[in-house]
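S.K.: Using our numbering, the first residue of the sequence shown is number 2, and each one after it goes up by one.
Glycine included, every Cβ here is placed at the ideal spot set by N, Cα and C.
I'd like to ask you about the structure that follows.
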Amino acid sequence: MAPAFEKAEYDHRLARVRSEMEARGLTALVIGDPANINWLTGYDAWSFYTPQMMLVGLSGGPWWMGRMMDAGAAKFTSWLSDDQVVAYPETLVQRPDTHPMDWLAGWMRDNGFATARIGFESDSYFLSPRALDALRAGLPNASFIDADLLVNWQRLIKSTAEIAVMTQAARIAEIAMQTAWDGARPGVRQCDLMADVVAAQIRGTPECGGDMPALHPLILAGEAATTAHPMWTAAPLEDGQTVSFELGACVKRYNVGLARTVHLGPPPDTLLRTSDAVQEGMAAVIGALKAGAIAGDVHAAWQAVLDRHGLEKPSRIGYSIGAAYAPDWGEHTLSFRPGETTIVPENAVVHIILGMWMDDWGMELSETLHVRDSDCVRLCDMPQHVHLIDT
């Protein structure tokens, strides 16, 4: 195996991170988010359930630091050399009396970081309070500075190579959605339908296989159609149900989201009217979204359509998307909501998801969009209207 991108791509990413570190007065950065580790090195393994991190200094390194049994993955999936792979002993795994970060703090003390100004990811799922406490205790003369999302913001602008990979993922997302449409019939269990969808996501295309998406496929049917993130069940689909699918696909850890809605049998007028309004709102968002747009203004274009149709949606309508591992494919940076002042840059990729969850039904429509200089383009090509299934 080899990293997903050329070494020059990773060098450019590392230089951007170091430049931001220097601007903030940091001499080191501790990274826990596996997506950030992957983005900087190519490292790709399901090892983040035990303590691991990446250490970036202003020079030298960087270093992957993790469990001994996972060190091999660092050597064959990343561009790092053997001396940049630091593995703690297996005897430290899941013990109440010690923590792997005690050992890694000792390595940092011995290798020039005893008095460093260390940035850390304060809101990462993968850098626990206990891990951070162990680092602080083991490095009493270092300073720890909140640098949450430092790397994430560097990821916002995608390279040509990243866009190409996400375009491949979009083709797989289309296949996954078509699989859901083809299989959705009264009497089909949700779990059986999702099994076919997952198979399509992983099988991919003849040119490109799929990775495990960071967000498992969502099916919103029956009472679960009134909420945003239900798990599938063994319940059968029913005649007369409106069913939404939030699917997507992943290639080389890069995710693309895609949501659509189907109805089993003759559709109610309320669904069709709402769908028409949501499609109009999506067109307004796409028309407003381009490099230099203010995220809050993009949301305002959507809100104007909702106001005209007498509809409400209190949640945000989108976010930046890219490299990710479970449980979330968003980058946790750019969001589209009222008052958001972030300027959308060229070559950002965003997932605009217009979910309308009512008292006893719901629907979703989403697009993954590549922001360009004067417009944006859809990565997926699927009809946006409610897909009607004869029963």
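Leaving out five residues before and five after Q385 in sequence, what residues of the same chain have Cβ atoms less than 7 Å from its Cβ?
M.R.: The residues are Q280, M283, L366.
S.K.: When the Cα atoms are used, what is the spatial distance from P141 to A115?
M.R.: 8 Å
S.K.: Based on Cα-Cα distance, which residue from G266, T99, L290 lies nearest to R373?
M.R.: L290
S.K.: Quick check: the Cα distance between A88 and R110, rounded to an integer number of angstroms?
M.R.: 16 Å
S.K.: Helix, strand or coil for V199, going by three-state DSSP, please let me know.
M.R.: helix
S.K.: Can you tell me whether M2 is buried or exposed? The criterion is at least 16 other CB atoms within 10 Å of its CB, across all chains shown.
M.R.: exposed
S.K.: If distances are taken between C-alpha atoms only, which option among T228, R172, P214 comes closest to G331?
M.R.: P214
S.K.: Measure the Cβ-Cβ separation of D149 and S123 and say whether it is below 8 Å.
M.R.: yes
S.K.: Locate the beta strand (DSSP E) running through W65, then write down its first and last residues.
M.R.: 64-68
S.K.: Of all Cβ atoms in chain C, is any one closer than 8 Å to the Cβ of A171?
M.R.: Among the chains in the structure shown there is no chain C, since it carries only a single protein chain.
S.K.: Give the straight-line distance between the Cα atoms of P237 and V244, rounded to the nearest whole angstrom.
M.R.: Taking the straight line joining both Cα atoms gives about 12 Å.
S.K.: Report yes if the C-beta of D329 is less than 7 Å from at least one heavy atom of the ligand NAD; otherwise report no.
M.R.: Among the ligands in the structure shown, none appear at all, so the ligand NAD cannot be discussed.
S.K.: Measure the Cβ-Cβ separation of D98 and A135 and say whether it is below 8 Å.
M.R.: Taking 8 Å as the cut-off, the Cβ atoms of D98 and A135 do not count as close.
S.K.: State the start and end residues of the unbroken alpha helix (DSSP H) segment that holds I335.
M.R.: Per the sequence shown, residue 335 should be read as Leu rather than Ile. Element bounds for L335: not the alpha helix (DSSP H) but the beta strand (DSSP E), 331-337.
S.K.: If you drop the 5 nearest sequence neighbours on each side, which residues of the same chain put their C-beta closer than 8 Å to that of I295?
M.R.: E341, T342, T343, I344, V345
S.K.: Within a Cβ cutoff of 8 Å, which residues of the same chain sit near P90, ignoring the five residues on either side of it in sequence?
M.R.: M69, W104
S.K.: Measuring alpha carbon to alpha carbon, tell me which residue in G62, N39, G67 is nearest S79.
M.R.: N39
S.K.: Span of the alpha helix (DSSP H) holding N256?
M.R.: Note, N256: premise wrong, no alpha helix (DSSP H); beta strand (DSSP E) at 255-257.
S.K.: What whole-angstrom Cβ distance do I353 and G319 have, given they're in contact under 8 Å?
M.R.: 4 Å
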